[in-house]
Amino acid sequence: MLQRFSTIIQQAVAYGWSDLHMTGNHPVVYRKDGDIGMLPDVTFTTAQLDDLARLLLTPYRRDILRRRWSVDFAHSVAGIRVRLNIFNTTRGLSLAVRLLAGHIPSLAHLNLHPSLEEFTRLRSGLILVCGATGSGKTTTMAAMLDEINRNRPAHIITLEDPIEYRFASKKSFVEQRELGRHFPSFERGLLDVLREDPDVVLVGELREAETIRLALSAAESGHLIIASLHSSSPEEALYRLCNAFPLEAQDLVRHQLSSSLNAIVVQQLQMHPTARFRVPVLSILVGNNPVRMLVREGKFAQLTSLMEMGRGDGMFTADAYRTEFLERQQRLSAPSNVFRPAPEEAGGEDYESPLVDHGLGLTHYAAEQARHARPARFMNGSGMDAMDDVMPAHALPPLASDEYDGYVTVTDDMPLEDVVRQFNQK
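Note that the sequence shown covers residues 1 to 426 in the UniProt record's numbering.
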């Protein structure tokens, strides 16, 4: 079964497919240049996909699939790095497979603007890389990190979900951590990282208020933070960051953003009219003084005008990027030349320390579902939630607190043994 799967992956590389989709008793589906196609003669039965999943999943990941009904991970198949999502459907298990570059591509090979290379020379502050799912954010951030890794001594720590590209330390010392395997939540991961002497921190995604707060504080205190966010414009990215907080806290957030923001890069993949392959189209907002002033005042709607006038500072709207950068390039790198398979490096296997209870790491999925959850509910005499009398929803004690670490997170679907294990750990 693995051999058949490997053959399909190798075929995908040969034909330049970016994604594969496999579901029971249905032709295998592929994506090329954004469009869907099918392989009518290539089909897996539901039982065959079950067998394939068993072969691909470690016992730890199999347990995640059993509890969560889906699992994300990266894997190497015949020397080709892929990202997989195995999930439950009406046809049983389905696989979504994204092909990754065998080696981390350079910024130039990704057809990205040279200003991104300049951003990697910064020693502190916040760089946001934004875009929709599948727009290449992860690859762009990996290329930026590898630019640092190749050119200056630094301690780089990544917090990822999942780990897609593997870094070998070059001039920098690189440590990679994966959500659910090496840290239970982005909040806890960032809190730990700041005690681990980092120079550069990659945050796979800014989602929750506490994660954003920690990232901004780290950027202000002398660390370079490179983070991902789902948004379609710099304006939307700033709104999303601020709106993660209650209204009374947003003024402080804007102040932190104005003092730490280096750049917002919004990326989308579009077909190049003459090259006939997809290239990244960027919107770039640079945190110069006028931008910082508008951010501090919350006047995000005026940022587009500044981007149109700030070409000298390296700022672009998407339209200007197409006409002033992409259309002037005499040569562009084709994805088929960049995203090539490569053999796994020797000694690249993961090691799981027996001192770590990875079963507890599974509770991060419950925490992701219940990160705004209330404490255990107690009814008062009137039948109302007694906690409503004393604590608003946004004022819950944090999951990871320096003052008190005795909280236990309990969700409806948590097995009893996990609850007991948490109590025994306290």
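Quick reminder that beta carbons are idealized off the backbone N, C-alpha and C, glycines included. Only a predicted model underlies this, so the values are computations on that prediction, with no experimental measurement involved.
**Request:** At 4 residues or longer, and completely inside the UniProt domain "AAA+ ATPase" (123-251): list those alpha helix (DSSP H) runs for me, N to C.
**Result:** Runs of the alpha helix (DSSP H) lying entirely within the UniProt domain "AAA+ ATPase" (123-251) and spanning at least 4 residues, in chain order: 137-151, 186-193, 209-220 and 234-243.
**Request:** Check each candidate in S94, L52, V82 and I80 and name the one with the smallest Cα separation from S70.
**Result:** Among S94, L52, V82 and I80, the Cα nearest to that of S70 belongs to S94.
**Request:** Using alpha carbons as the reference points, say which of D35, Y165 and L202 lies closest to S76.
**Result:** Nearest C-alpha to S76: Y165.
**Prompt:** Span of the alpha helix (DSSP H) holding T304?
**Reply:** Boundaries of the alpha helix (DSSP H) harbouring T304: L303 to M309, taken from the DSSP string.
**Prompt:** Under a three-way DSSP split, which group does D41 fall into?
**Reply:** Secondary structure of D41 (DSSP, three-state): strand.
**Item:** Nearest candidate by alpha-carbon position, reference Q302, set V28, Q256, F245 and Y239
**Value:** Answer by Cα proximity: Y239.
**Prompt:** DSSP three-state call for N262: helix, strand or coil?
**Reply:** For N262, the three-state secondary structure derived from DSSP is strand.
**Message:** Quick check: the Cα distance between L237 and A12, rounded to an integer number of angstroms?
**Reply:** Note on identity: in this sequence residue 237 is Ala, with Leu being the wrong assignment. Their Cα atoms are separated by approximately 34 Å.
**Request:** Just the C-alpha distance for Y60 and L2, rounded to the nearest angstrom, thanks.
**Result:** Going by the C-alpha atoms only, they are around 19 Å apart.
**Item:** Per DSSP, cross-strand counterpart(s) of Q10
**Value:** Beta bridge pairing from DSSP links Q10 with no other residue.
**Beta-carbon proximity list for S353, same chain, < 6 Å, skipping 5 on both sides** = When the five nearest sequence neighbours on each side are left out, no beta carbon in the same chain lies closer than 6 Å to the beta carbon of S353.
**Prompt:** Taking Cβ positions, are residue 467 and V291 nearer each other than 8 Å?
**Reply:** Shown here, the chain extends from 1 to 426; a query on residue 467 therefore has no answer.
**Request:** Give the single residue among G298, R54 and H182 whose Cα lies nearest to the Cα of Y351.
**Result:** Checked all of G298, R54 and H182; the closest Cα to Y351 is H182.
**Item:** For L93, the residue or residues it bridges with in DSSP
**Value:** Answer is N88.
**Item:** D192 versus R328: straight-line alpha-carbon distance, rounded
**Value:** Cα to Cα, the separation comes out at about 45 Å.
**Three-way DSSP call (helix, strand, coil) for T23 in this model** = Note: T23 maps to strand in three-state DSSP.
**Message:** Less than 7 Å between C-beta atoms, sequence neighbours within five positions excluded: which residues of the same chain meet that for Q256?
**Reply:** These residues qualify, in order along the chain: L216 and E220.
**Prompt:** Tell me, which residues are paired with L56 by DSSP?
**Reply:** None; L56 has no bridge partner.
**Message:** Using the Cβ count rule (16 or more neighbours within 10 Å means buried), how would you classify K137?
**Reply:** The residue is buried, with at least 16 neighbouring Cβ atoms inside 10 Å.
**Asked** If L126 sits next to I225, beta carbons under 8 Å apart, how far is it from one beta carbon to the other, in whole angstroms?
**Response** With a Cβ gap of about 5 Å, L126 and I225 count as contacting.
**Item:** N85 versus M293, L49 and A132, residue with shortest Cα-Cα distance
**Value:** Closest option to N85, Cα to Cα, is L49.
**Message:** Using the Cβ count rule (16 or more neighbours within 10 Å means buried), how would you classify N336?
**Reply:** In the sequence under discussion, the amino acid at residue 336 is Ser, which differs from the Asn named in the question. Flag for S336 reads exposed.
**Request:** Measuring alpha carbon to alpha carbon, tell me which of M315, G298, G222 and M309 ends up nearest I264.
**Result:** The residue from M315, G298, G222 and M309 with its alpha-carbon nearest to that of I264 is M315.
**Asked** DSSP on L107, reduced to helix/strand/coil?
**Response** Taken through DSSP and simplified to helix, strand or coil, L107 comes out as coil.
**Request:** Could you pull out every residue in the same chain whose Cβ sits closer than 8 Å to the Cβ of E205, ignoring the five residues on either side in sequence?
**Result:** Once the five neighbours on either side are set aside, the close Cβ partners of E205 are D161, F186, A227, S228, L229 and H230.
**Asked** So what's S333 in DSSP terms, helix, strand or just coil?
**Response** In the structure shown, S333 sits in coil (DSSP, three-state: anything other than H, G, I, E or B).
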